[in-house]
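In order, the protein sequence lines correspond to chains L and U.
Here the first sequence is numbered in the working numbering, starting from 2 and rising by one per residue.
Here the second sequence is numbered in the working numbering, starting from 2 and rising by one per residue.
The beta carbon of each residue, even a glycine, is placed where N, CA and C say it ideally should be.
Below is one structure, written out as structure tokens; the observations come after it.
2 protein chains.
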Amino acid sequence: MTYELYYWPGIQGRGEFVRLALEAAGADYVDIAREPEAQGKGVPALMALLNGATVTRPPFAPPILKDGALLLAHTALILHHLGPKLGLVPADEAGRLWTHQLQLTFTDFIKEIHDTHHPIASGLYYEDQKAEAARYGAEFWKTRVAKYLGYCERVLERNDGKHLAGDALSYADTSLFQIVTGLRYAFPKRMARMEKDWPKVVALRDAVERQPRVAAYLASKRRIPFNEHGLFRKYPELDA
Amino acid sequence: MTYELYYWPGIQGRGEFVRLALEAAGADYVDIAREPEAQGKGVPALMALLNGATVTRPPFAPPILKDGALLLAHTALILHHLGPKLGLVPADEAGRLWTHQLQLTFTDFIKEIHDTHHPIASGLYYEDQKAEAARYGAEFWKTRVAKYLGYCERVLERNDGKHLAGDALSYADTSLFQIVTGLRYAFPKRMARMEKDWPKVVALRDAVERQPRVAAYLASKRRIPFNEHGLFRKYPELDA
């Protein structure tokens with residue numbers, strides 16, 4: 002069973018949370034929009050799903066996953082669906098729902114992170130909303146990061162200290178790895194000062210990075226480098 | 002089986018999407034934070050779930066649902082869990098996932114709606130971010146509303162024209178009712194000008210309003226009136 006992932010080819014973005022789960026599980030998947038157009042793939046294949054007039058249940062936005070006849074969109078839903086198939090959630094239903102709940106909290110956090118560079122409109126350039134981004138960022142770092150990462154620290158403390166859900170790696174863990182890694186990329190000074198407040202979160206991030214399949218993925222060309230088109234952007238003036 | 006809903010008592014907010022589903026199905030539930038503290042309910046009961054040191058899987062934020070031993074947070078997850086129990090999703094798994102996907106798209110839309118009055122920080126007053134809200138709103142109405150509601154219109158066209166998922170009322174329908182109704186409350190002039198572009202969306206909203214249980218709920222004291230503490234806020238200067 003080969004999964005087909007459809008996501009923008011030049012960025013990690015929200016698709017990276019799906020890529021990380023697939024990679025951590027060693028799943029067989031094709032990152033369609035990064036494959037040649039001549040083979041019927043590439044960005045046109047993605048656009049056909051978004052804009053095709055015959056798609057019965059049209060996705061609103063990427064990432065999109067094709068699993069056989071099933072077409073699913075939205076990062077959190079894709080991960081919820083893949084979780085049991087990839088062995089990346091606890092086996093019991095309550096544990097599966099809990100992992101999904103954590104991912105939905107991350108969904109909210111990720112949107113707030115996105116807005117550090119686009120507080121006014123995703124359709125405008127960062128350069129056109131720099132003043133607002135500076136003001137947004139001040140509040141974001143004063144209250145929001147500690148609220149979300151402090152929450153994750155608390156969740157880890159109340160579980161086994163090493164995993165967010167259950168006693169093994171879940172996609173919530175790979176997602177938290179990506180969030181902390183992305184925040185470090187975009188805001189190295191702020192994170193260096195603050196992350197000591199969340200030792201279990203940092204230890205989890207490091208453990209995910211060392212997981213052999215994740216480590217191999219991160220060292221491969223499949224891992225798109227962070228850049229200033231994605232979710233986590235390094236704008237030095239925002240990293241006070 | 003009595004469900005326990007935990008949400009802020011003075012606002013519709015995100016909890017209203019859960020209330021509407023419970024009401025549309027005629028489910029037996031208690032809106033805990035609106036009940037007397039003397040009975041161990043009220044806001045302290047909500048705060049105990051949020052801040053209690055012994056909650057193994059702490060919720061990040063309300064709404065929270067207790068279903069027997071199961072504690073769930075996040076609007077979209079609660080609705081996903083309740084859907085089959087309330088008969089508010091298609092019976093097949095693909096239809097259930099599709100309904101959840103729609104609700105997740107609404108989750109994103111709702112956050113963008115929230116930011117029309119709080120683009121800089123949810124922890125600041127609207128009065129402290131009025132200039133930014135005006136600029137945010139201009140872009141929001143230029144591109145985002147049509148993107149989301151135009152998408153809903155397309156989904157309706159490709160389904161049966163009357164329901165977002167399957168051939169009967171789903172919680173996606175009650176959620177879209179709430180979104181359109183809330184936008185009308187907050188932005189009456191803009192909506193009056195624009196909503197003719199989405200006739201099926203408007204017809205669906207009206208049909209949900211007429212559903213007997215929903216109609217009874219809307220006429221009851223259980224329906225908290227819209228106000229300027231909730232998600233949809235009427236600030237005339239934002240309704241150009």
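Proximity test, Cβ basis, 8 angstroms: residue i and chain U
i	result
Thr100 (chain L)	no
His82 (chain L)	yes
Ile121 (chain L)	yes
Ala95 (chain L)	yes
Ala208 (chain L)	no
Pro59 (chain L)	yes
Val156 (chain L)	yes
Glu128 (chain L)	no
Tyr236 (chain L)	no
Leu51 (chain L)	no
Arg136 (chain L)	yes
His230 (chain L)	no
Leu6 (chain L)	no
Ala173 (chain L)	no
Ala74 (chain L)	yes
Glu24 (chain L)	no
Glu36 (chain L)	no
DSSP bridge partner residues for residue i (one or two, in chain order)
i	result
Glu154 (chain L)	According to DSSP, Glu154 (chain L) bridges with nothing at all.
Ile65 (chain L)	L:Tyr7, L:Ala74
Tyr30 (chain U)	U:Tyr4
C-alpha gap between residue i and residue j, whole angstroms
i	j	result
Glu38 (chain L)	Leu103 (chain U)	30 angstroms
Tyr8 (chain L)	Phe61 (chain L)	12 angstroms
Glu5 (chain U)	Leu23 (chain U)	11 angstroms
Lys131 (chain L)	Arg234 (chain U)	27 angstroms
Asp116 (chain L)	Glu113 (chain U)	11 angstroms
Arg159 (chain U)	Val56 (chain L)	8 angstroms
Glu128 (chain U)	Glu238 (chain U)	12 angstroms
Met2 (chain U)	Gly96 (chain U)	25 angstroms
Glu94 (chain L)	Gly167 (chain L)	12 angstroms
Thr108 (chain U)	Thr108 (chain L)	10 angstroms
Arg223 (chain U)	Glu17 (chain U)	11 angstroms
Ser221 (chain L)	Leu21 (chain L)	12 angstroms
His82 (chain U)	Leu66 (chain L)	22 angstroms
Tyr186 (chain L)	Ala92 (chain U)	44 angstroms
Arg145 (chain L)	Gly41 (chain L)	43 angstroms
Leu72 (chain L)	Ile225 (chain L)	24 angstroms
Ala54 (chain L)	Ala70 (chain U)	44 angstroms
Lys86 (chain U)	Phe188 (chain U)	35 angstroms
His118 (chain U)	Trp99 (chain L)	31 angstroms
Phe227 (chain L)	Glu36 (chain U)	49 angstroms
Ala74 (chain U)	Glu196 (chain L)	26 angstroms
Pro10 (chain U)	Met48 (chain L)	44 angstroms
Leu80 (chain L)	Leu51 (chain L)	20 angstroms
Leu170 (chain L)	Val90 (chain U)	31 angstroms
Gly124 (chain L)	Phe141 (chain L)	21 angstroms
His101 (chain U)	Glu229 (chain L)	31 angstroms
Within 8 angstroms, strictly: CB atoms of residue i and residue j
i	j	result
Ala25 (chain U)	Thr175 (chain U)	yes
Leu78 (chain L)	Leu105 (chain U)	yes
Val156 (chain L)	Pro59 (chain U)	yes
Gly27 (chain L)	Ala34 (chain L)	no
Pro120 (chain L)	Ala134 (chain L)	yes
Thr76 (chain L)	Val31 (chain L)	no
Tyr137 (chain U)	Ala122 (chain L)	yes
Leu165 (chain L)	Leu177 (chain L)	yes
Lys110 (chain L)	Ile12 (chain L)	The question names Lys, but residue 110 (chain L) is Phe in the sequence shown. In this structure, Ile12 (chain L) does not lie closer than 8 angstroms to Phe110 (chain L) by Cβ.
Tyr172 (chain L)	Gly84 (chain L)	yes
Arg211 (chain L)	Thr182 (chain L)	no
Asp198 (chain L)	Ala147 (chain L)	yes
Ala208 (chain U)	Lys163 (chain U)	yes
Cβ-heavy atom distance, residue i to the ligand GDP, below 7 angstroms
i	result
Thr106 (chain L)	Only the bare structure without any ligand can be found here, which leaves the ligand GDP out of the picture.
Contact with chain L by residue i, beta-carbon distance below 8 angstroms
i	result
Ile12 (chain U)	no
Thr117 (chain U)	no
Lys112 (chain U)	yes
Tyr152 (chain U)	yes
Leu239 (chain U)	no
Ala204 (chain U)	no
Gly162 (chain U)	no
Arg159 (chain U)	yes
Gly124 (chain U)	yes
Ala92 (chain U)	no
Glu17 (chain U)	no
Item to complete: Spell out a yes or no on whether the stretch 151 to 162 of chain L and the stretch 187 to 207 of chain L are touching, meaning 3 or more CB-CB pairs, one atom from each, closer than 8 angstroms.
Response: yes
Worksheet item: Can we say the stretch 188 to 196 of chain L touches the stretch 208 to 217 of chain L, given the rule of at least three CB pairs closer than 8 angstroms?
Response: Under the Cβ criterion (8 angstroms, minimum of three pairs), the stretch 188 to 196 of chain L does not count as touching the stretch 208 to 217 of chain L.
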